[in-house]
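Working notes, beginning with the structure itself.
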Amino acid sequence: MRRSFAMPSEPNVPRDGPRSRPPGIARDVRRVTSCGDARSGRSPRRSFDTADRARPRGDRIRPPRPMRPAPLSHCRNPAAFASCSIGRNQLFRFSMRILGIDPGLRVTGFGVIDVSGHQLAYVASGVIKTPTADLPTRLGTIYDGVSTLIREHTPDQAAIEKVFVNVNPQSTLLLGQARGAAICGLVSGGLPVAEYTALQLKQAVVGYGRATKEQMQEMVARLLSLSGRPGTDAADALGMAICHAHGGNTLNTLGGIAPALAKKGLRVRRGRLVG
Numbered sequence: 001m002r003r004s005f006a007m008p009s010e011p012n013v014p015r016d017g018p019r020s021r022p023p024g025i026a027r028d029v030r031r032v033t034s035c036g037d038a039r040s041g042r043s044p045r046r047s048f049d050t051a052d053r054a055r056p057r058g059d060r061i062r063p064p065r066p067m068r069p070a071p072l073s074h075c076r077n078p079a080a081f082a083s084c085s086i087g088r089n090q091l092f093r094f095s096m097r098i099l100g101i102d103p104g105l106r107v108t109g110f111g112v113i114d115v116s117g118h119q120l121a122y123v124a125s126g127v128i129k130t131p132t133a134d135l136p137t138r139l140g141t142i143y144d145g146v147s148t149l150i151r152e153h154t155p156d157q158a159a160i161e162k163v164f165v166n167v168n169p170q171s172t173l174l175l176g177q178a179r180g181a182a183i184c185g186l187v188s189g190g191l192p193v194a195e196y197t198a199l200q201l202k203q204a205v206v207g208y209g210r211a212t213k214e215q216m217q218e219m220v221a222r223l224l225s226l227s228g229r230p231g232t233d234a235a236d237a238l239g240m241a242i243c244h245a246h247g248g249n250t251l252n253t254l255g256g257i258a259p260a261l262a263k264k265g266l267r268v269r270r271g272r273l274v275g
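Sequential numbering of the sequence shown, starting at 1, is according to full-length UniProt numbering.
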């Protein structure tokens, strides 16, 4: 036996009574005019022109943000810093010349670059070859060659590769002596010397700690916009200078303008300006 159910005549009328508004309409409906919503106190939405609305969200034009002044929280004498003619942007535009050395008993590579902020410029590169003679004569040739480079190119700082422990202890000792002769030439020229390992060199230039010689040559040529690849020893020396430029850019810049800041009663201490 089938049971019959009575269907309501109006489908939108519930059992508890008729609805006060059509379904799907929000309870709190507010009218928004061109001047905003006076009831809610909200400001009108920002309007864009037709060309700007057609652009993707990430490509829409926004007004540039105003640049904030450099913080003076680390400076003990803010008045002297504010009166100094060297601004914050000028700190990182200071030009510096770096000499990179790839030590070797038979062939010592060198490379000279100019650094201005994040821009690198090639100056010179080459090798210092030692004659077939006794060890003191070879070390003297390396020392004299480095001293000549300092007089010719007048670099501001120097970077040299650290000695790695080779399988042959005798080769490691000879390489260390050649490196010592090069460091003595740099220090006698009044240059501060930074030391980096081969792993740090390859990571800074190529981005891979086990890069090959060919990859080093190619990346050095691209970074310095060279017409051809430099030699292996010269490429390592140029890469050493690039590694020092990337690793100590901020501290090197602050240290380079230390004499100018000293006239205003400021000095650089651990990479910070103090009065």
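Where is the CB? At the ideal position from N, CA and C, for every residue including glycine.
Distance between beta carbons of I128 and G145, contact taken as under 8 Å: 4 Å
Compare the C-alpha of V123 against each of G117, F110, D134, G190 and name the closest. F110
Which residue from G185, M96, D156 puts its Cα closest to that of L120? M96
DSSP bridge partner residues for A124 (one or two, in chain order): In the DSSP output, where bridge partners are listed per residue, A124 has V112.
Neighbourhood of R210 by C-beta, 8 Å cutoff - its chain only, sequence neighbours within 5 removed: Cβ neighbours of R210 beyond the five flanking positions: K202.
Can you give me the start and stop residues for the beta strand (DSSP E) that R97 sits inside? 95-102
In angstroms with no decimal places, state the Cα-to-Cα distance between P192 and L226. 27 Å
At what residues does the alpha helix (DSSP H) containing Y143 begin and finish? 135-153
Does DSSP put V193 in a helix, a strand or coil? strand
Look up I183 in the DSSP assignment and give the residues it is bridged to. I183 pairs with nothing; no bridge assigned.
To which residues of the same chain is L199 closer than 6 Å at the C-beta, ignoring the five residues directly before and after it? G209
Is the separation between the beta-carbon of residue 319 and that of A204 shorter than 8 Å? Any answer about residue 319 is impossible in this case: the structure gives the chain only from 1 up to 275.
Once DSSP output is grouped into helix, strand and coil, what is the label at V205? helix
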